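Just so you know, the UniProt record's numbering puts 225 at position 225 of the sequence shown, and the rest follows in order with no gaps.
Glycine included, each C-beta is placed from N, C-alpha and C at the ideal position.
Treat the numbers as computed from the prediction; the structure is a model and nothing was measured.
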Amino acid sequence: MALVLPVSVTVLTPATSANLGPGFDSLGLALQLYNRFEVEEAGSDPLQPTIEIRGSLGEGLSTGPDNLFFRSFSRLFEHVHLPLPAVRIRMTINIPHGCGLGSSATAVVGGLVAANEWLRLQQASVSQDVLLELAVEIEAGNHPDNVAPALLGGLVATTHLDGKIHAIKTPFPDVLKAVIFTPSFPMDTVAGRKLLPASYPKADVTFNTGRVALLLTALQTGRYELIGEAMQDRLHQPYRQVLFPAMPEIIQAAVNAGAHGACLSGGGSSLIALASSRFHDVLNAMQSTAREAGVQGTGMVLRADQNGARVIKTSRSRIRKEVSARHGDQFYWSPARSRGGF
Numbered sequence: 001m002a003l004v005l006p007v008s009v010t011v012l013t014p015a016t017s018a019n020l021g022p023g024f025d026s027l028g029l030a031l032q033l034y035n036r037f038e039v040e041e042a043g044s045d046p047l048q049p050t051i052e053i054r055g056s057l058g059e060g061l062s063t064g065p066d067n068l069f070f071r072s073f074s075r076l077f078e079h080v081h082l083p084l085p086a087v088r089i090r091m092t093i094n095i096p097h098g099c100g101l102g103s104s105a106t107a108v109v110g111g112l113v114a115a116n117e118w119l120r121l122q123q124a125s126v127s128q129d130v131l132l133e134l135a136v137e138i139e140a141g142n143h144p145d146n147v148a149p150a151l152l153g154g155l156v157a158t159t160h161l162d163g164k165i166h167a168i169k170t171p172f173p174d175v176l177k178a179v180i181f182t183p184s185f186p187m188d189t190v191a192g193r194k195l196l197p198a199s200y201p202k203a204d205v206t207f208n209t210g211r212v213a214l215l216l217t218a219l220q221t222g223r224y225e226l227i228g229e230a231m232q233d234r235l236h237q238p239y240r241q242v243l244f245p246a247m248p249e250i251i252q253a254a255v256n257a258g259a260h261g262a263c264l265s266g267g268g269s270s271l272i273a274l275a276s277s278r279f280h281d282v283l284n285a286m287q288s289t290a291r292e293a294g295v296q297g298t299g300m301v302l303r304a305d306q307n308g309a310r311v312i313k314t315s316r317s318r319i320r321k322e323v324s325a326r327h328g329d330q331f332y333w334s335p336a337r338s339r340g341g342f
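Dropping the structure here:
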């Protein structure tokens with residue numbers, strides 16, 4: 001005799017750093033810092049979820065049906081033309097919002113991956129390509145540079161070709177770590193984009209395309225001494241500097257302390273430095289230089305996440321009475337510590 005149990009799914013989605021200097025709207029790196037999303041079947045109204053948000057970094061996030069995770073979760077059911085279940089959602093937020101570390105991308109990708117696992121139990125799941133297309137559709141600005149690495153992990157290059165998004169993942173060198181400095185203030189991505197020019201001089205475009213090629217080659221061949229020059233940018237960082245005047249000094253302090261290179265993470269306000277040693281020195285230099293400029297903030301050292309969003313636990317839709325409920329627990333991945341690892 002079978003007993004029907006409520007479905008539940010738990011997903012981890014990594015933080016991301018987009019652009020990496022010259023790769024404007026086309027490069028992104030997944031990092032070992034995670035938002036956790038738990039979804040379980042509960043309630044009676046599919047359009048009115050119960051949402052609980054844990055962690056001080058989640059303050060201000062919506063707990064209504066306009067919540068980005070829930071909207072993304074719902075979108076996949078709409079896409080496959082299947083009824084949306086009534087759910088309870090618990091969100092544990094470890095990634096600061098509006099600071100260039102892909103917080104919104106974790107909600108978009110997390111919602112889609114959770115929904116896809118739910119649909120897998122109904123033998124109705126979709127491909128990774130479909131998830132990516134929907135993620136870009138939902139993400140503000142419709143840019144793939146954060147949602148692609150959040151979904152796939154590693155270092156991801158993206159482009160549009162024949163109306164489709166193509167994302168190519170490459171492993172990121174294990175020897176390199178990301179030293180992150182996050183100021184106490186966010187930077188509005190929309191406001192930052194308004195500072196960018198409508199067109200660019202040919203010399204600036206050529207400069208950036210050359211630096212993207214150099215960055216990818218340096219990472220693939222282990223020529224890390226080239227990263228500093230390769231992370232130079234002329235398309236977005238100089239314009240966004242208006243919102244963060246101390247940025248050049250903090251970047252230079254990171255390089256002087258031993259980082260191979262550093263830049264604005266995404267649209268800011270976080271800064272990311274890539275280093276293969278002296279991680280504490282780099283972080284301390286960034287923080288002390290920021291303080292001297294009157295900028296407070298926090299820092300961490302993170303490895304690259306090579307796996308992307310993942311289901312870490314899911315229940316089966318049915319079990320037999322004589323089988324323990326634990327039988328339904330499926331752990332696909334044991335998360336590493338998201339902070340530390342120096």
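Can you tell me where the beta strand (DSSP E) with residue 17 in it begins and where it stops? If you number the sequence shown from 1, residue 17 lands on position 17. Here the beta strand (DSSP E) through residue 17 covers 8–18.
DSSP three-state label for residue 198, please. Numbered from 1 along the sequence shown, position 198 holds the residue referred to as residue 198. Reduced to three states, the DSSP call for residue 198 is coil.
Quick test of the definition: if touching needs 3 or more C-beta pairs under 8 Å, does the segment 178–194 touch the segment 299–319? Taking 8 Å as the limit for Cβ pairs, the verdict is that the segment 299–319 does touch the segment 178–194.
Starting from residue 256, trace the alpha helix (DSSP H) both ways and give me its first and last residue. Here the question's residue 256 lines up with position 256 in the sequence shown. Counting along the chain, the alpha helix (DSSP H) containing residue 256 begins and ends at 247–256.
Would residue 54 pass as a contact of residue 92 if the rule is Cβ separation under 9 Å? Here residue 54 refers to the residue found at position 54 of the sequence shown. Here residue 92 refers to the residue found at position 92 of the sequence shown. A contact, by the Cβ cut-off of 9 Å.
Pull up the distance between the alpha-carbon of residue 34 and that of residue 148, whole angstroms please. Within the sequence shown, numbered from 1, the residue matching residue 34 stands at position 34. Within the sequence shown, numbered from 1, the residue matching residue 148 stands at position 148. Using only the alpha carbons, I get a separation of about 15 Å.
Does DSSP put residue 165 in a helix, in a strand, or in coil? Working through the sequence shown from its first residue, we reach residue 165 at position 165. If DSSP states are grouped into helix, strand and coil, residue 165 belongs with the strands.
Drop a sphere of 10 angstroms on the beta-carbon of residue 122, count the other beta-carbons inside from all chains shown, and report buried for 16 or more, exposed for fewer. Position 122 of the sequence shown, counting from 1, holds the residue named residue 122. Flag for residue 122 reads exposed.
Pull up the CB-CB distance for residue 346 and residue 116, whole angstroms please, since I reckon it's below 8 Å. Any question about residue 346 goes unanswered here, given that the chain covers just 1 to 342.
Which term fits residue 314, buried or exposed, when burial requires 16 or more other beta carbons within 10 angstroms of its beta carbon? Here the question's residue 314 lines up with position 314 in the sequence shown. Buried is the call here.
Completely contained beta strand (DSSP E) runs for the segment 92–167, where each covers 3 or more residues: 155–161
Where does residue 309 sit, in a helix, a strand or coil, going by DSSP? For the purposes of this step, residue 309 is taken as residue 309 along the sequence shown, with counting starting at 1. Coil.
Looking at the structure shown, is residue 191 part of a helix, part of a strand, or coil, going by DSSP? Stepping through the sequence shown from its first residue, residue 191 is reached at position 191. Note: residue 191 maps to helix in three-state DSSP.
In terms of residues, what are the limits of the alpha helix (DSSP H) holding residue 73? Translated into positions along the sequence shown, residue 73 becomes position 73. It spans 68–80 - the alpha helix (DSSP H) in which residue 73 sits, taken as one unbroken run.
Comparing alpha-carbon positions, which option in 164, 158, 309 lies nearest residue 133? Translated into the one-based positions of the sequence shown, residue 133 becomes position 133. Answer by Cα proximity: 164.
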